[in-house]
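Just add 229 to the spot in the sequence shown (first one is 1) and you have this note's numbering. C-beta atoms are modelled at their ideal positions from N, C-alpha and C, and glycine is treated no differently. Below is one structure, written out as structure tokens, with a few remarks after it.
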Amino acid sequence: MTDETAVEPYKPAYRNYVLFVLFLGYVVNALDRSILNILLPAIQEEFSLNYTELGFLGGIAFALFYATCGIPIASLADRTSRKWILSGSIAFWSIMTALCGLARNFPMLLAARIGTAIGEAGGSPPSHSLISDYFSLKKRGTALSLYALGVPLGGMLGLYLGGHGNDWWGWRTTFIVAGLPGVAVALLVALTVKEPKREKQNAGKMHNPLSALSLVAKRPAFLHMCLAAAMHALVWYGAGNFNAVFLVETHNMTTSQVGTFFASFALVGAFGTFFGGFLSDRLSQKYNDERFYMLVPGVSVLLSVPFQLICYLHPNVNLVMAGFAVNAFFASVFFGPSFAMAQALVPASNRALAASLLLFIQTMIGLGIGPLIAGMISDALVPAFSDNALRYALVAVALFNIWSGAHYYLASRTVRADIASAKAES
């Protein structure tokens with residue numbers, strides 16, 4: 230099925246409805262993932278955890294299973310029904326999120342978070358593949374940006390619910406409440422989303438992840454884009470895992486205050502997410518140049534650095550909050566352009582797997598290593614900087630965005646030729 234014929238069987242209203250349902254799935258995905266961050270201060274106090282243990286819980290423990298399970302699930306999605314895989318995954322991760330609230334000790338909480346990770350591994354790859362069948366390449370960047378709005382919106386809801394829920398009910402009940410909406414969304418996907426018909430030669434075809442890795446290894450733009458997204462994700466998750474802890478410890482804020490502020494920042498991030506896809510689509514069409522899909526996020530991650538330094542170094546809490554707000558915009562621009570290119574840089578039959586490979590690299594480096602690095606640096610700096618150890622650790626993590634910008638630039642140098650190769654192989 231080509232990019233143009235893929236949209237013919239469905240009316241615009243239904244295509245937009247499907248996009249909305251998939252967006253809801255991404256909202257509960259981000260909600261269930263992000264709510265841990267705002268609850269970490271309470272969990273740390275109850276279980277007496279250090280920074281490294283917090284980084285392990287919020288990072289590699291989740292990322293390892295999220296990333297490794299994503300590839301086989303995506304391979305299955307490319308040869309079976311994507312909507313049923315997505316529906317089952319949403320139900321599973323939602324139940325596991327609720328079970329986090331029943332954990333009586335750190336190992337039990339860790340096991341429940343691993344279960345959440347396994348379920349969420351089946352969320353984005355089939356969703357990206359479905360969107361690519363419903364929307365042509367000319368509209369895909371915007372469509373995927375709209376889908377990616379689920380991250381800031383879900384993050385906003387997770388931070389608000391986590392911050393206030395912790396004060397209202399405690400962190401355990403908050404986890405249970407957070408897991409309930411996903412079950413309803415899973416039913417909505419199962420009952421109302423149609424599975425687009427795919428070409429017969431792709432039906433039932435088993436993908437070899439090693440073959441897919443070999444395929445994208447021939448595409449420098451894909452590899453550099455993955456590394457760029459990974460370095461940015463290292464900052465996103467590494468700093469994000471400790472932002473609430475930082476504000477509670479350094480500026481004496483309550484979790485409700487942090488949750489309210491960060492929820493509003495997530496709305497700013499939503500504008501950044503949409504702006505990234507829209508601007509990339511608009512500039513690439515106006516100048517007939519796909520390099521803008523790499524240059525737009527590359528410039529944005531670099532612009533976020535000075536505002537992150539304000540967040541962690543300035544003593545005035547009002548300027549700190551302003552820094553977080555502006556950073557939320559620039560940090561969110563990369564979503565739509567990156568995932569649109571992940572779909573364009575491989576043959577149509579490998580789209581779900583391509584999304585999974587991008588998520589694998591981004592997750593293992595960003596989510597897996599980011600929080601752990603931030604936690605380990607913080608613990609290492611305690612003897613020298615005492616209460617400021619976390620502050621300087623977060624500054625060090627923020628500088629990885631410079632590395633990210635360099636890889637986006639390198640990706641822009643070959644992206645046009647790599648897209649042409651993918652079209653020829655399709």
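- Alanine 557 places its beta carbon 8 Å or farther from that of glycine 599.
- For the set Arg645, Gly501, Leu265, the Cα lying nearest the Cα of threonine 402 is the one of Leu265.
- When DSSP states are grouped into helix, strand and coil, methionine 482 belongs to the coil group.
- Excluding its 5 nearest sequence neighbours in each direction, alanine 554 has C-beta neighbours in its own chain below 8 Å: Ser493, Phe494, Val497, listed in chain order.
- Between the alpha carbons of lysine 423 and isoleucine 360 lies a distance of about 12 Å.
- Ranking Asp510, Phe321, Asp396, Asn545 by CA distance to the CA of valine 412 puts Phe321 first.
- Taking C-beta atoms as the reference points, valine 487 and glycine 383 fail to come closer than 8 Å.
- Inter-segment contact for the region 503-523 and the region 562-577 is present: three or more beta-carbon pairs are separated by less than 8 Å.
- Between leucine 283 and phenylalanine 335, the gap from beta carbon to beta carbon reaches 8 Å or more.
- For the pair aspartate 307 and serine 358, the CB atoms are nearer than the 8 Å cut-off.
- For the region 309-370, the full-length alpha helix (DSSP H) segments reaching 4 residues or more read 311-329, 335-349, 353-363 along the chain.
- Distance from the CA atom of isoleucine 314 to the CA atom of threonine 592, rounded to whole angstroms, is 20 Å.
- For asparagine 617, no alpha helix (DSSP H) run applies, since DSSP gives it neither H nor E.
- When only Cα atoms are considered, aspartate 608 and phenylalanine 521 end up about 40 Å apart.
- By the neighbour-count criterion, in which 16 or more other beta carbons inside 10 Å mark a residue as buried, aspartate 616 falls on the exposed side.
- Non-local beta-carbon contacts of serine 316 in its own chain, meaning distances under 6 Å to residues more than five positions away in sequence, involve Ala415, Val418, Ala419 in chain order.
- Comparing C-alpha distances from asparagine 547 to each of Ala242, Phe490, Asn258 shows the shortest one belongs to Phe490.
- A straight-line Cα-Cα distance of about 7 Å links alanine 635 and alanine 457.
- DSSP, reduced to helix, strand and coil, places asparagine 245 within a helical segment of the structure shown.
- With respect to the 8 Å criterion, valine 474 and leucine 542 are not classified as neighbours on the basis of their beta carbons.
- Counting of Cβ neighbours within 10 angstroms places asparagine 395 among the buried residues, the total reaching 16 or more.
- Sequence-distant Cβ neighbours of leucine 293 in its own chain, meaning closer than 7 Å and more than five residues away, are Gly597.
- Distances from the alpha-carbon of isoleucine 602 to those of Lys240, Ile300, Met460 put Met460 closest.
- The alpha-carbon of valine 380 is positioned some 15 Å away from that of alanine 407.
- Here DSSP, grouped into helix, strand and coil, assigns tryptophan 398 to coil.
- Per DSSP, the unbroken alpha helix (DSSP H) holding threonine 281 starts and ends at 280-287.
- Following the DSSP letters along the chain, one finds asparagine 556 inside the alpha helix (DSSP H) bounded by residues 546-561.
- In this structure, the straight-line span from the alpha carbon of methionine 385 to that of glycine 392 is close to 10 Å.
- Boundaries for glycine 595: no alpha helix (DSSP H) harbours it, and the DSSP string shows neither H nor E there.
- With a cutoff of 8 Å on beta-carbon distance, leucine 586 and alanine 651 are scored as not near each other.
- DSSP places tyrosine 638 inside the alpha helix (DSSP H), whose first and last residues are 629-641.
- In this structure, DSSP gives valine 380 a helical state, which the three-state scheme calls helix.
- The C-beta separation of leucine 260 from glycine 287 comes to about 15 Å, leaving the pair out of contact by the 8 Å criterion.
- For leucine 538, the enclosing alpha helix (DSSP H) covers residues 521-542.
- Under the DSSP assignment, aspartate 518 falls outside any alpha helix (DSSP H); it carries neither an H nor an E label.
- Using a 10 angstroms sphere on the CB of tyrosine 516, the tally of other CB atoms stays under 16, which defines it as exposed.
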